[in-house]
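What follows is a short report on a single structure.
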Amino acid sequence: MTYSEELFTYLVEKYGNMVYRICYLRLHNLHDAEDVCQEVFEKLFVHLLQSDYFQSEEHVKSWLITVSSNAGISKLREAYNRKRADLDDQIPFYENEFEKKDLLDCIMRLDKKYSTVIYLFYFERLTIAEIAKSLKIPQSTVKTRLKRGREALKVMLGNGE
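Going left to right, the sequence shown walks through residues 1425 to 1585 as our numbering numbers them.
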């Protein structure tokens, strides 16, 4: 076994559970969390082959936390885009552009902090507590963002009276 392989094995054993927990907190799905966890460690192995990439074990740990979190977010984005594509296929064609107020397009035009909680709540069916935990914000903030996001959607859709 080479030094890189030994180091990789050590890091997987030491940080594997941490990476998995981060992925699961983001995704709330065991299988997706396992897939993303594997992707994170594949990236780690590639970086370990570049012998001078990491300066210390703390740098590795910090890198793993960041990459795990970002990979989870990317997986959520993929699911969102897949669902959006499925919904787009079901939306009938409108000749009048004003009639085609596509809800998902409106959600995507919202400020990111509102679109994220609205998507997680209505499309992923996460609870307010789950959203708060995954975004690391208070539950009251999630409720406020849901309320403000819904208000903004009403205005966008022309129902804001």
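Note that CB positions come from ideal geometry on N, CA and C, so glycine has one too.
Task: Alpha-carbon spacing of S1558 relative to V1484, whole angstroms - done: 22 Å
Open item on the list: Please state the DSSP three-state secondary structure of S1480.
Closed with: coil
- [ ] Express the C-alpha separation of S1492 and V1460 in angstroms, rounding to a whole number.
- [x] 7 Å
Task: Nearest neighbour of V1541, chosen from L1570, K1560, Q1563 [CA to CA] - done: L1570
TODO: For C1447, I'd like the list of residues in its chain whose CB is within less than 6 Å of its CB, leaving aside the five on either flank, ordered along the chain.
DONE: A1457, V1460, C1461, S1492, G1496
Open item on the list: Let's test the definition: count the other Cβ atoms within 10 Å of the Cβ of L1581 and tell me whether it reaches 16, buried, or not, exposed.
Closed with: exposed
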